[in-house]
Each structure stands twice: as structure tokens, then as C-alpha cells.
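Participant: Would you mind keeping the following structure in view while I ask a few things?
In UniProt numbering, the protein residues as written are 1 to 149.
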């Protein structure tokens, strides 16, 4: 099942025909780029050049799954990477390109840093704090085993 298929399945299991008001995507990336999966990087240049490639189709499909009822509060949170970059917020161009691609849905993108007050509030709105901390500790302990640390 594709990633968008999995999201659609979760929405349908909650209530057939429903749309997401908010979504958290925990992914790898860096200033002005996001990895949907290995070797599938999303950048402004690739989105503009891509035509109807996998990335463009993914983001457009995701936009169709977002609610149109309260556009001021419809948001996709991106965490797990510093997509905005420092110090000049280079990720804003990427977010603006994605927002344009998702029209007619009006979707805002936010990328709070995990250790910030805003990031902590986002995490608490999606996860049970104790389960999240356990997941994070297991995630990093697996990396320790891989790298022999």
C-alpha cells in the first residue's frame, strides 16, 4: 500500500469520507529538502521540474485529504529534521511551493524544532508523551547498535 493509501485508509477507518484537519509527518531532511523515502527527496527545484512525478502526485493527493472546512487551522507539521534551516528560513520557499501545489485546499505547513516549546506542544497534541519518549529512546538505541556505539 502506498503512503497516501495508508493515510486514506486511516481516515476512512475513522469515518468514511472524512478529511484531516492536521497531520504530523516525522521525516528526514534538512534545510529546504525533505525525504519522502530513500532516494525520493522533495525540493523546490524537483517539484517545479517534476511535472507529474511521484513527489508531485504524493503532495497533491495529500492536499486532497486535508479539510477545507477551516482553512486557517488546517496544518501539516513536519518534524524530525530542520527543514527551515538557519538563519534565513530557507525552507519557506519549499513550504510555499507545497502550499501552492495543494490548492484548492488551503494547508499551512509548520516545522517546529522538537526541543522547542512549540515542538513539544505539537508532539503532545499527537502522542502520548511517555510512549513517544520510549519510541525515541528505542530509535536511538537501534542506531547505537548499528554503528557499534
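Glycine included, every Cβ here is placed at the ideal spot set by N, Cα and C.
#1: Please report the residue range of the beta strand (DSSP E) in which residue 79 lies.
#2: For the structure I just gave you, are there three or more beta carbon pairs, one from the stretch 41 to 59 and one from the stretch 105 to 114, closer than 8 Å?
#3: Leaving aside the five residues before and after residue 149 along the sequence, list all residues of the same chain whose C-beta is less than 7 Å from its C-beta, in chain order.
#4: Examine the Cβ distances between the stretch 123 to 133 and the stretch 67 to 74 and report whether three or more of them are shorter than 8 Å.
#5: Consult DSSP for residue 116 and reduce its assignment to one of helix, strand or coil.
#6: For residue 43 versus residue 36, is the C-beta distance shorter than 8 Å?
#7: For residue 97, is the classification buried or exposed, using 16 other Cβ atoms within 10 angstroms of its Cβ as the cut-off for buried?
#8: Which term fits residue 95, buried or exposed, when burial requires 16 or more other beta carbons within 10 angstroms of its beta carbon?
#9: Would you mind listing the beta strand (DSSP E) stretches within the stretch 21 to 72 that are 3+ residues and don't spill past its ends, in chain order?
#10: Classify residue 3 as helix, strand or coil using the three-state DSSP reduction.
#11: So, for residue 130: in the same chain, excluding its five sequence neighbours on each side, which residues have a beta-carbon less than 7 Å away from its beta-carbon?
Facilitator: Here's the rundown:
#1: 75 to 79
#2: no
#3: Caution applies to residue 149, whose pLDDT of 40 falls short of 50 and renders its modelled position unreliable; the value that the coordinates give is listed next. Excluding residues within five positions, none has a Cβ falling inside 7 Å.
#4: Output reads no: the stretch 67 to 74 does not touch the stretch 123 to 133.
#5: In this structure, residue 116 counts as coil in the three-state DSSP scheme.
#6: no
#7: With 16 or more Cβ atoms within 10 Å of its Cβ, residue 97 is classed as buried.
#8: Residue 95 comes out buried.
#9: Counting whole runs of 3 or more residues, the stretch 21 to 72 contains the beta strand (DSSP E) stretches 22 to 26, 33 to 37, 40 to 42.
#10: helix
#11: none
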